[in-house]
Amino acid sequence: MTIQRMDSVLIVVDDLDAVLSFFVELGMELEGRGPAEGAWVERVIGLEDVRQEIAMLRTPDGHGRIELAMFHQPKAIRPEPKDAPANTLGIRRIMFAVDDIEDAVARLHTHGAELVGDVVRYEDSYRLCYLRGPEGVIVGLAEQLG
């Protein structure tokens, strides 16, 4: 048996509104937002007395999703430095293809995003960069050339 698709990536956040508006500015579309709690959630994630609010976003093509979760109870913990470097173990970034990298960087800058390094050209194929957004979330942007 093989997998059918990747459904979503979960990002746990403290400020759901800030991270949500960051990803909407990037071009993701809000599918829904609301509470996720009760016995079924607790059994799936292995925590007790869970109260959380989630937002589900999808890419414009409908194939990729990001789930944002803000835990009211139990409170979320941060096991690593807030601005962990790119070589820290674990998931470090999510990469998005964009039409205009300069425009995307400028728009995300209004939501607090900062370049991790520089916008660079990879051969004659791509312009690439990493941005650190709200909550320290790192997104990669790739603009295909030619």
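The numbers in the sequence shown follow the UniProt record's numbering, run straight up by one, and end at 146.
C-beta: ideal position from N, C-alpha, C; glycine also.
Rounded to whole angstroms, what is the Cα-Cα separation between residue i and residue j?
i	j	result
Arg-132	Gly-34	26 angstroms
Glu-80	Gly-62	32 angstroms
Asp-100	Gly-27	12 angstroms
Glu-42	Asp-49	7 angstroms
Leu-68	Arg-121	31 angstroms
Asp-103	His-72	35 angstroms
Ile-77	Pro-60	31 angstroms
Val-98	Glu-143	5 angstroms
Gly-90	Leu-10	13 angstroms
Thr-83	Val-44	The question names Thr, but residue 83 is Asp in the sequence shown. Rounded to the nearest angstrom, the two C-alpha atoms are 29 angstroms apart.
residue 169	Glu-25	The chain is shown from 1 up to 146; residue 169 falls before or after that span and cannot be answered.
Leu-108	Lys-75	28 angstroms
By Cβ distance below 8 angstroms, which residues in the same chain neighbour residue i in space, the five residues on each side in sequence not counted?
i	result
Ile-138	Ala-86, Arg-92, Arg-93, Ile-94, Val-116, Tyr-130, Leu-131, Arg-132
Leu-145	Arg-121, Asp-124, Ser-125, Tyr-126, Arg-127
Arg-5	His-63
Less than 7 angstroms between C-beta atoms, sequence neighbours within five positions excluded: which residues of the same chain meet that for residue i?
i	result
Arg-65	Asp-7, Ser-8, Met-56, Leu-57, Arg-58
residue 155	Absent from the model: residue 155. The displayed extent of the chain is 1 to 146, so no value can be given.
If I measure Cβ to Cβ from residue i and keep anything under 6 angstroms in the same chain, skipping five residues before and after, which residues do I get?
i	result
Phe-22	His-111, Gly-133, Pro-134
Gly-140	Arg-93, Met-95, Tyr-130
Check whether the Cβ of residue i sits closer than 8 angstroms to any heavy atom of the ligand ZN, and report yes or no.
i	result
Leu-30	For the structure depicted, the ligand ZN is absent and the ligand set is empty, with no information on it obtainable.
Pick out the complete beta strand (DSSP E) segments inside the UniProt domain "VOC" (5–144), 3 residues or longer, and give them in chain order.
9–12, 29–37, 51–58, 65–73, 94–97, 120–122, 126–132, 138–144, all fully within the UniProt domain "VOC" (5–144).
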